[in-house]
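Read through the structure below, which is laid out as structure tokens, and then see the notes.
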Amino acid sequence: MSSASALKIMYGSLNSPPQLTGWSSTGDDPCGQSWKGVTCSGSAVTELKLSGLQLSGSMGFQLTNLKSLTNLDISNNNLGNQIPYQLPPNLQRLNLASNQFNGAIPYSISLMTTLKYLNLAHNQLQGQLGDMFGQLSSLNALDLSSNALTGDLPESFSSLTSVNSIYLQSNQFTGTIVVLENLPLQNLNVANNRFSGWIPGNLKKINNLQTDGNSWTTGPAPPPPPFTPPPGKTSPNKQPATNSNPSGANGGSKKSGIGGGAIAGIIISLLVVGAIVAFFLFKRRSRKRSSDVEKVEIDRPFTSLAPNEVQEMKTIQTPAAVKIFETSASMNLRPPPVDRHKSFDEEDFSNKPVIVVNKKAHTAPISATAYSVADLQMATGSFNVENLIGEGSIGRVYRAQFNDGKV
């Protein structure tokens, strides 16, 4: 849609007023036909000044098509309804003051990055200001006075780095005006609102400052909080100069050391490793004990006959049911250890005969030979301690070697 079409829609929204000479709902060239209040640059409409013409109605809804428009002034009329969202996007000056506009300020104004002058004063605008000033760094003057705006001033006011005049009087703003303290203001009027708190010192230096009709806190403003420098990083190799505050030193070392979570992880890991080691040691000892038990069961004590109880007997054979255990390998069965004061040497045990037992059970006759006490004395060297094999709970066992070579 062309600029002419947008203006024709606006002309109808204004109720086709006769004071807009040259305007026509059928005209096609607002620049060539000299429409009232229209300024062109070539065929592009650049300015629209319709102030004080007692216009009524509304602004229309196709003003976004006026892309070359930089100045829109419809102030001091009787226009009503809400300010349309569809506004010329490249405006530098927007003046809608002294009308009967109501509702909220349209957010589309926040997108006019080239805007330098905004005047919406003396209307019936309501609601809170949105955070809409973040991109208006080129704005020089802002006038929102004599409306019914409420709420605190948005933080985006601090982005108005080029503003020198702000007029907010005769509204219902609340909160503080601290957000304005660092702006390059020459004119500030916040009178007749509901502001509270202290007036910042920077704002008190403004020559044209009006703050009456608010609930300011009396008395001097509190001093700003003292500057606290960030804590310096202490070198890990640097030793403290004094030892007057050991708790503080310990606290600092803790901060620079390993965190609590890491310490807990290390402790848990050590406990797990310790438990595993203890488990294997326990299993190893259990196996050793079971092996020792088997050895003890095999090393059964031998019973020696007292000399006066030995009688000369003939060789006899008696059938008996005996369990002989068959094993896959011979075992060297040593007697239980004896005290160090014994006269025989421990090395002699290695020379003792090997007893082989079998696990396989069967019944076989047993041959036994009886010897006299004299024969036993001669074979054992009168029961010499050098021939002593072991000592059980019943008696001692000696090694006997007979003349026929039997042992």
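If you count by my numbering, then the sequence shown holds residues 32 to 438, one letter each, in order. We treat Cβ as the ideally placed atom computed from N, Cα and C, and that holds for glycine.
Three-state secondary structure (DSSP) at residue i?
{"i": "VAL428", "result": "strand"}
{"i": "ALA172", "result": "strand"}
{"i": "TYR148", "result": "strand"}
{"i": "SER246", "result": "strand"}
{"i": "ASN109", "result": "strand"}
{"i": "PHE92", "result": "coil"}
{"i": "GLY232", "result": "helix"}
{"i": "SER227", "result": "strand"}
{"i": "SER87", "result": "strand"}
{"i": "MET409", "result": "helix"}
{"i": "LYS165", "result": "Looking at the sequence provided, one finds Gly at residue 165 rather than Lys. Three-state DSSP puts GLY165 in coil, outside helix and strand."}
{"i": "LEU118", "result": "coil"}
{"i": "ALA401", "result": "coil"}
{"i": "LYS437", "result": "coil"}
{"i": "PHE313", "result": "helix"}
{"i": "MET143", "result": "coil"}
{"i": "LEU97", "result": "coil"}
{"i": "SER47", "result": "coil"}
{"i": "GLY63", "result": "coil"}
{"i": "LEU191", "result": "coil"}
{"i": "SER34", "result": "helix"}
{"i": "LEU211", "result": "helix"}
{"i": "LEU302", "result": "helix"}
According to DSSP, which residues form a beta bridge with residue i?
{"i": "ASP183", "result": "THR205"}
{"i": "THR70", "result": "GLU78"}
{"i": "ILE197", "result": "LEU173 and LEU219"}
{"i": "GLN241", "result": "ASN220"}
{"i": "GLN155", "result": "ASN133"}
{"i": "ARG124", "result": "ASN102 and TYR148"}
{"i": "LEU419", "result": "TYR429"}
{"i": "SER55", "result": "None, per the DSSP bridge assignment."}
Please go through the same chain and pick out, in chain order, the residues whose beta-carbon is closer than 8 angstroms to the beta-carbon of residue i, but skip the five residues on each side of it.
{"i": "SER36", "result": "GLN93 and ASN96"}
{"i": "TYR148", "result": "GLN123, ARG124, LEU125, ASN126, LEU170, ASN171 and ALA172"}
{"i": "PHE132", "result": "LEU110, GLY111, ASN112, GLN113, ILE114, LEU151, ASN154, GLN155 and LEU156"}
{"i": "SER89", "result": "SER44, LEU45, LEU110, GLY111, ASN112 and PRO115"}
{"i": "ASN121", "result": "LYS98, SER99, LEU100, THR101, MET143 and THR145"}
{"i": "SER141", "result": "GLY161, MET163, PHE164, GLY165, GLN166 and LEU167"}
{"i": "SER214", "result": "The sequence shown places Leu at residue 214, not Ser. Once the five neighbours on either side are set aside, the close Cβ partners of LEU214 are PHE188, SER189, LEU191, THR192, VAL194 and ILE197."}
With a CB to CB cut of under 6 angstroms and the five nearest residues on each side skipped, what residues in its chain are close to residue i?
{"i": "GLN200", "result": "SER176, ASN220, ALA222 and ASN223"}
{"i": "LEU81", "result": "GLY68 and ILE105"}
{"i": "SER196", "result": "ALA172 and ASN218"}
{"i": "GLY91", "result": "ILE40, MET41 and SER44"}
{"i": "LEU160", "result": "PRO185"}
{"i": "GLU78", "result": "THR70 and ASN102"}
{"i": "ASN245", "result": "ASN224 and PHE226"}
{"i": "GLY158", "result": "ALA135"}
Where does residue i land, buried or exposed, given buried means 16+ other C-beta within 10 angstroms?
{"i": "PHE313", "result": "exposed"}
{"i": "PHE226", "result": "buried"}
{"i": "ALA128", "result": "buried"}
{"i": "SER34", "result": "buried"}
{"i": "ASN130", "result": "buried"}
{"i": "ALA410", "result": "buried"}
{"i": "PHE204", "result": "buried"}
{"i": "SER317", "result": "exposed"}
{"i": "LYS39", "result": "buried"}
{"i": "ILE230", "result": "buried"}
{"i": "ASN108", "result": "buried"}
{"i": "THR242", "result": "buried"}
{"i": "THR249", "result": "exposed"}
{"i": "ILE307", "result": "exposed"}
{"i": "LEU440", "result": "No answer is possible for residue 440: it lies beyond the span of the chain, which begins at 32 and ends at 438."}
{"i": "THR57", "result": "exposed"}
{"i": "GLU59", "result": "Correcting the residue identity first, residue 59 is Asp in this sequence and not Glu. ASP59 should be labelled exposed."}
{"i": "ASP162", "result": "exposed"}
{"i": "MET194", "result": "Before going on, a small fix: residue 194 reads as Val here, not Met. Burial call: buried."}
{"i": "ILE208", "result": "buried"}
{"i": "LEU86", "result": "buried"}
{"i": "ASN178", "result": "buried"}
Spatial neighbours of residue i within its chain, please: CB distance less than 7 angstroms, with the 5 preceding and 5 following residues excluded, ordered by chain position.
{"i": "ALA188", "result": "Position check: residue 188 holds Phe in this sequence, whereas Ala was assumed. Here the set comprises PHE164, VAL210 and LEU211."}
{"i": "GLN432", "result": "ALA410 and VAL438"}
{"i": "LEU240", "result": "LEU219 and LEU234"}
Does the count of Cβ pairs from the stretch 54 to 64 and the stretch 112 to 119 closer than 8 angstroms reach three? no
Cβ pair count under 8 angstroms reaching 3, the stretch 73 to 88 against the stretch 136 to 150: no
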